[in-house]
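Novice: First, the structure itself, so that you have it in front of you.
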Amino acid sequence: MVDSALDGTVHYEIINGAPLEILWRDSATAQGEDGRAWLSANPVDALVLTERIPLAETMEWHGTLDYATRWTELALGTNPKVKPYLYETWDNIDDAATGSTQAWRDRIVSDLKVWQKVADEVNARVPQLETPMQIIPAGLGMVRLHDAIAEGKVPRATSIRDFYEDDIHPNLPGYYYVVMIHYATLTGQSPVGLPTRFMGKYGPFPPVDKDIAAVLQQLALETVQDFQQGKLP
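Under full-length UniProt numbering, the sequence shown has 36 at position 36, and the numbering climbs by one with no breaks.
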């Protein structure tokens, strides 16, 4: 979906559930591009990385700081002006015992410092970056959406689960929201007014309801603006 929102071509490497370490070591068997081979030969304007969650545990056992640095240096080798990003995500919604998603929401906020540590360390290790690694605050976006739902600001939504298909994967409106956050971060432009329907690999996605899309666009813009201004939930 993000391909259609951005004015450019998106290349990707995916190994479901894998940390950056495995994405590096097993890139030749990944879905999409062999990232190591492709980045070695092709310059990109932006490099978007993310890491397996729970992040602190993955950092301890899978060398997140080292591999985030390796991926960044690889992209830098073919484009000295590359802009690296770290896509902040979230962990499982664990409301079965309490019936409340508040602990999940609060954990996203508390985990932000771990994501920031990764970006800060990459910037320290790769000082030749013209543009330091920045965070794409999708996790914080989920916090803002969570709170907006609680305040009755999202049409027909009663829980953050209305934007998830299971405990961790967003549904179509949820992914649409994540795309809006990516768009605002990567382009520096407002997502307000973007289409409610985007093309996918096999054809167009179903449209997001216009009233919900309008709210998600505004929340995405506010999330990115506040984060970049140092305003946290």
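Backbone N, C-alpha and C define an ideal beta-carbon position, used for all residues, glycine too.
1. Taking the alpha-carbon positions, what's the Asp-66 to Met-199 distance?
2. Can you grab the Cα-Cα spacing for the pair Lys-231 / Ser-110, in whole Å?
3. Can you check DSSP and say which residues form a bridge with Lys-83?
4. Check whether the segment 36 to 44 and the segment 89 to 108 touch, using three or more Cβ-Cβ pairs below 8 Å as the test.
5. Measure the CB-CB distance between Ile-149 and Ala-157 and report whether it falls below 9 Å.
6. Which of the three DSSP states, helix, strand or coil, is assigned to Gln-134?
7. Confirm, please, whether the CB-CB distance from Gln-225 to Leu-194 is below 9 Å.
8. Beta-carbon separation of Pro-207 and Ala-213 under 9 Å?
9. Using 9 Å as the threshold, is the C-beta distance between Leu-49 and Thr-72 below it?
10. For Arg-70 versus Gly-17, is the C-beta spacing smaller than 9 Å?
11. With distances taken from CA atoms, which of Asn-171, Leu-86, Pro-204 and Tyr-183 is nearest Leu-221?
Specialist: In short:
1. Answer to the nearest angstrom: the Cα atoms are 35 Å apart.
2. CA-CA distance, Lys-231 to Ser-110, rounds to 14 Å.
3. BP columns for Lys-83 point to Ala-46.
4. At 8 Å Cβ cutoff, the stretches do not touch.
5. The answer is yes: Cβ separation under 9 Å.
6. Gln-134: strand per DSSP, three-state reduction.
7. Taking 9 Å as the cut-off, the beta carbon of Leu-194 is found no closer than this to the beta carbon of Gln-225.
8. The Cβ-Cβ distance between Pro-207 and Ala-213 falls below 9 Å.
9. It is a contact, given that the beta carbons lie within the stated cut-off.
10. At a Cβ-Cβ threshold of 9 Å, Arg-70 and Gly-17 do not count as neighbours.
11. Out of Asn-171, Leu-86, Pro-204 and Tyr-183, Tyr-183 has the C-alpha closest to the C-alpha of Leu-221.
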